[in-house]
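A short write-up of the structure that comes next.
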Amino acid sequence: MDDAPGPLHPTDDDAGRAADLAVAFVPGVMPGKWFFRWRDRNRGRVLAEHPLETDAWREELATGRAHACFVRLPAHPRAGAEDLATLRRQFRAVELYAEQQVVVLPREHELTLLDEVPVAELVDEVLLQEPATLPERERLRSPQAAAADAPLPPIRHARDAIELVAAGLGLVVVPMSVARLHHRKDLVHRVVPDAATVPVLLVWPQDLPEEQEELVQDFVGVVRGRGLNSSRGAAAVPAREDGAAAGGKGGRRRPPAGRPGVARHGPGRRRRAAGAKGQVRGGRRSGGRGRR
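Using the working numbering, you'd call the opening residue of the sequence shown number 336 and step up by one each time.
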């Protein structure tokens, strides 16, 4: 949850002024804290925010409505079309973080008894998405099961798929922030620990005017935690290289003094309750394989 204080949109004092910097962001991304910090460092400058209804961010950059955009790449991009190397041939791009994927479930679904839902638990479920978006599941299914899939209903956005989950038509796997954005009282989500993560990047055109490029570089510095007087020359270096630079040899960051590192363990899983077998299975295929 975004904990940034202050206004997220231009203040009344900025009304009518053209934006010095316009930043768009796809659904679920919450850049409010970075907007606040940039405004705090650039008093007198106007930053305009453009929340997008869909992942169609390229038009925002192509038309100049935004100078930069927070975007997601597919968890399994098509080489030469959606991968990072191809993106960097067209835009400047900085990797920021990776999101876990979650499965969205009706609140009474039996899989809610698990703290996490492995991909194997989804083999016999109806998923409201293209099979190629979760190849980890397809590798566990028989060709006969895949061939028996019913056609998907019309789905334009993640919001549509989540509404169909609420209607009991199936389940859907989405980035965690998207599930939180479309949260409903009748639905819950669980992490899918063995699904690929979804990369989130900050992207901007390669041919921005010099003034806009400097402002974007300054915004990149804010996002990556660089100080006000630090060099901005490494703004477009991939995240994996930054880790090595920030943490020294091996790319590991040192814990703050006086706070020894604490080993993290993945959340434990609960076993299914003995009586779970008779509970509602909303979305499970009839005649599917039994659980292993």
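All C-beta atoms, glycine included, are put in the ideal place defined by N, C-alpha and C.
Cβ-Cβ distance between residue i and residue j below 9 Å
| i | j | result |
| --- | --- | --- |
| residue 713 | residue 527 | Residue 713 cannot be examined here, being either before or after the span of the chain that is shown, 336 to 627. |
| residue 380 | residue 372 | no |
| residue 382 | residue 547 | no |
| residue 558 | residue 511 | no |
| residue 329 | residue 464 | Residue 329 lies beyond the stretch modelled for the chain, which goes from 336 to 627, so this question has no answer here. |
| residue 408 | residue 534 | yes |
| residue 519 | residue 363 | no |
| residue 429 | residue 390 | no |
| residue 469 | residue 530 | yes |
| residue 525 | residue 450 | yes |
| residue 320 | residue 377 | The chain is shown only over 336 to 627; residue 320 falls outside these bounds and no answer can be derived. |
| residue 532 | residue 414 | no |
| residue 444 | residue 504 | no |
Residue i to residue j span [Cα, whole Å]
| i | j | result |
| --- | --- | --- |
| residue 575 | residue 433 | Residue confidence is low: residue 575 scores 40 on pLDDT, short of 50, so the model does not pin down where it sits. Its coordinate-derived value is still stated next. Between residue 575 and residue 433, the C-alpha separation is close to 12 Å. |
| residue 455 | residue 475 | 7 Å |
| residue 594 | residue 560 | A caution first: residue 594 carries a pLDDT of 46, below 50, which makes its placement in the model unreliable, though a value can still be read off. Each residue's alpha carbon lies about 20 Å from the other. |
| residue 422 | residue 541 | 11 Å |
| residue 467 | residue 481 | 11 Å |
| residue 387 | residue 359 | 7 Å |
| residue 462 | residue 483 | 13 Å |
| residue 417 | residue 426 | 12 Å |
| residue 629 | residue 365 | No information on residue 629 is available, as it lies outside the stretch 336 to 627 that the chain covers here. |
| residue 399 | residue 502 | 39 Å |
| residue 492 | residue 513 | 11 Å |
| residue 369 | residue 552 | 13 Å |
| residue 367 | residue 393 | 21 Å |
| residue 412 | residue 545 | 32 Å |
| residue 385 | residue 478 | 43 Å |
| residue 441 | residue 485 | 20 Å |
| residue 539 | residue 424 | 12 Å |
| residue 495 | residue 431 | 27 Å |
Simplified DSSP assignment, three categories, for residue i
| i | result |
| --- | --- |
| residue 500 | helix |
| residue 525 | strand |
| residue 436 | strand |
| residue 489 | coil |
| residue 374 | helix |
| residue 462 | strand |
| residue 594 | Here residue 594 scores only 46 on pLDDT, less than 50, and its place in the model should not be relied on; the value that follows carries that caveat. It is coil, neither helix nor strand. |
| residue 403 | strand |
| residue 457 | helix |
| residue 581 | Residue placement at residue 581 cannot be trusted, given a pLDDT of 39 that sits under 50; what the coordinates show is reported in the next sentence. Of the three classes helix, strand and coil, the one that applies to residue 581 here is helix, per DSSP. |
| residue 353 | coil |
| residue 424 | helix |
| residue 508 | strand |
| residue 535 | strand |
| residue 449 | coil |
| residue 558 | helix |
| residue 409 | coil |
| residue 384 | strand |
| residue 624 | Any reading at residue 624 needs caution, since the residue's pLDDT is 48, under 50, leaving its predicted position unreliable; the model's value is listed next. DSSP places residue 624 in coil when its eight states are reduced to three. |
| residue 589 | Unreliable positioning characterises residue 589 in this predicted model, as indicated by a pLDDT of 47, which lies under 50. The coordinate reading is nonetheless provided below. The answer is coil: DSSP assigns residue 589 none of H, G, I, E or B. |
| residue 431 | strand |
| residue 362 | coil |
| residue 544 | coil |
Whole-Å CB distance - residue i paired with residue j, under 8 Å assumed
| i | j | result |
| --- | --- | --- |
| residue 439 | residue 522 | 6 Å |
| residue 536 | residue 403 | So it is not a contact: roughly 10 Å between Cβ atoms. |
| residue 497 | residue 517 | 5 Å |
| residue 472 | residue 448 | Rounded, the Cβ-Cβ distance is 20 Å, inconsistent with contact. |
Residue from the options with nearest C-alpha to residue i
| i | options | result |
| --- | --- | --- |
| residue 435 | 540, 452, 368 and 485 | 452 |
| residue 353 | 493, 555 and 401 | 401 |
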